[in-house]
Amino acid sequence: MGLASHTSQPLEAQMMMAPKFPNYELIGSKKVDFGADKDTIEVTAKEGRFNSIMLSVDDGELVMHDIKIEFGNGESFSPEVRAEFQEGSRSRQIDLPGEARIIKEITFKYRSKLKRGKATVEVYGKGPGTSGSNDFEDKPLQYKGFEHLGTRRVDFLADKDTIDVGAKDGRFTGALITCEDGEVEMWDIKFTFGNDETWSPEARAEFKEGSRSRNFDFPGDARVIKNVTFKYKSRIREGKATIRLYGKQGSGQPTPKEPKDRFPGWEHLGSRKVDFIADKDTLNCEGEGFFSSFRIEVEEGNLEMWDIEVTFANGDKHDVKTRLEFDENTRSRDIDLPGKSRRIQKIVFKYKSKIKGGEGRATINVYGKKA
C-alpha cells in the first residue's frame, strides 16, 4: 500500500466517550444540520491562549474538511486534515503554529452521513501550562490479562523503531500492540526475548487511530520480553502517533473456564463473535429452561452496548433501558426479566468498540439465571 497524500486521506476519529479530555477545556460548540455545508464556531474562551485543539462530534456522523482557525491577531491557520467522525468520536490533536494563541473562531466545511436532526461539534483547547504532547501517554487503556510494557511516540513518516520493555522480570505468553493519535501501517515486527532469542510473527498490521493488533501468541513457554522492533509508515505527515506494547500474562494466570462452567447457578445461553465496529447483531439463545434474569460477558474486546431487546419464546419482547460498557473480559450486572420467569429466544443489541479498528473479533456470552 502506498503512502496516502495528506489532504486526500480521511483521518478516522478515535472512538471514545466525548467530551472530557485530560488537559483540554471546552472553548466552543455548534449544532450543525445534516447535509453538506460550511459553518463557523465562535470561540467563547477568547481570553485564553492555546497551543493545540481537538474537535469532537456527538449525535451524528460527519466528514469535516477545509478547517480554518482564525487567531485573535487576524492571522489564520489551515491544518491539512480531513477528519471522519463517528458519533461520540474525536479528532487527533491539532497543534497550532508558533507560540500559544488566542483563537477567535474556527470555520469548516462538512457533510453528514445522516439526513435529519442536528449534530453537535465541540472544540477543545489545550493551554501552554498543561503537560504537552504526552496527554494520553500516562493513561494506557487496560486489557484484562495483559500488562502495559512500554510506549513509543513515532513520527509520521516511514521508519524503523523499538519499544524497550521496562518490566524485564515478567514472563508473558503473548503480546498485542495498539496505536493512538495517528494511522500507521506496521510490518517486520520482531520480539527479542530475555535470552536474546527472537521471534517474528507473520503479520502486517494496519492501524486506524485508537486501534489494536490481533493477539500475538509466543511459541513455547512464557517468555521474558526484552524489546520489540518494527518498521512502519504513516498516512499523515504531522505530529506523532503513540504505539503501545502489552504483554499477555503467563505464569500464575489460571486457564479460563469454559463458559458453561464459569458462573454456578447460571446457564450459558449462547455466544456471538462480533467485529470491532459499530453495528447491530442478534444472539440466539439455546437454553430450554425458565429464567428470571440474565447477564452479558465480553471477551477479547472493549465494547459499548445499547438498545438491548429480549424476545421471549411466546413472542413477547422486553426493552432493557440501559447502556452497558465492557472492558476486556468483564461482565454486566444482573438484568432482571419482567414477570416470574421466562423462556428466552434471542437477544438483539447495538454495539460499538471503545477502540477503533483492530484485527480479530470480540466474543459476547449470555448467561441466564434459572428460576
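For the sequence shown, position 112 matches number 111 in numbering that gives the first Met the number 0, and the numbering has no gaps at all. Each residue gets a CB set at the ideal place from its N, CA and C atoms; glycine is no exception.
Checklist entry - Excluding five sequence neighbours on each side, which residues of the same chain lie with their C-beta closer than 6 Å to the C-beta of Asp180? => result Arg91, Ala240 and Thr241
Item to check | Extent of the continuous beta strand (DSSP E) run through Tyr366 | outcome: Ala361 to Lys369
Item to check | Nearest residue (CA-CA) to Glu285, options Glu298, Ser292 and Ser270 | outcome: Ser270
Checklist entry - So is Lys368 buried or exposed if we call it buried at 16+ other beta carbons inside 10 Å? => result Result: buried.
Checklist entry - Which stretch, first to last residue, makes up the beta strand (DSSP E) that contains Ile26? => result Glu24 to Asp32
Item to check | Opposing strand residues paired with Glu298 [DSSP bridges] | outcome: Thr362
Item to check | Proximity below 8 Å, CB of Arg330 to CB of Phe311 | outcome: no
Item to check | Contacts around Lys103, its chain only, beta-carbon distance under 8 Å, and the 5 residues preceding and following it disregarded | outcome: Glu41, Val42, Lys45, Glu69, Phe70 and Gly71
Checklist entry - Tell me, which residues are paired with Gly173 by DSSP? => result Answer is Asp216 and Lys247, bridged to Gly173.
Item to check | Host beta strand (DSSP E) of Phe262 (start-end) | outcome: First-last for Phe262: undefined, no H or E at that position.
Checklist entry - So what's Cys377 in DSSP terms, helix, strand or just coil? => result Only positions 0 to 370 of the chain appear in this structure, which leaves residue 377 out of reach.
Checklist entry - Helix, strand or coil: which one does DSSP assign to Gly286? => result coil
Checklist entry - What runs of the alpha helix (DSSP H), each 4 residues or longer, lie entirely inside the region 29–102? => result none
Next on the checklist: I need the straight-line Cα distance from Ser199 to Lys189, nearest angstrom please.
Outcome noted: For Ser199 and Lys189, the gap between their C-alpha atoms comes out near 4 Å.
Item to check | Close beta carbons around Tyr109, own chain, < 6 Å, minus the five adjacent residues each side | outcome: Leu61 and Met63
Item to check | Cβ separation of Lys339 and Ala370, assumed to be a contact under 8 Å, to the nearest whole Å | outcome: 7 Å
Checklist entry - Helix, strand or coil for Arg203 per DSSP? => result Coil at Arg203, not helix or strand.
Next on the checklist: With three or more beta-carbon pairs closer than 8 Å as the criterion, would you say the region 75–82 touches the region 288–295?
Outcome noted: They do not touch, by the three-pair rule.
Next on the checklist: Tell me the residue span of the beta strand (DSSP E) that contains Asp187.
Outcome noted: Val183 to Phe192
Item to check | Residues near Tyr231 by beta carbon distance below 6 Å, same chain, minus five either side | outcome: Val183 and Met185
Item to check | Chain-order list of residues whose beta-carbon lies under 6 Å from that of Gly169 (same chain, five-residue window excluded) | outcome: none
Next on the checklist: So, at 6 Å on beta carbons, what are the nonlocal neighbours of Leu148 in its own chain, with the 5 sequence-adjacent residues on each side left out?
Outcome noted: Val164, Ala166, Leu244 and Gly246
Item to check | CB contact flag (His267, Tyr366, <8 Å) | outcome: yes
Item to check | Residue from Gly126, Pro263, Asp160 and Asp38 with nearest C-alpha to Thr119 | outcome: Asp38
Checklist entry - Taking the alpha-carbon positions, what's the Asn214 to Leu175 distance? => result 5 Å
Next on the checklist: By DSSP's criteria, Gly124 is part of a beta bridge. Which residues make up the other side?
Outcome noted: Glu24 and Ile52
Checklist entry - Under a three-way DSSP split, which group does Arg115 fall into? => result coil
Checklist entry - Touching or not, the region 255–265 and the region 315–325, by the rule of three or more beta carbon pairs under 8 Å? => result The region 255–265 is not in contact with the region 315–325.
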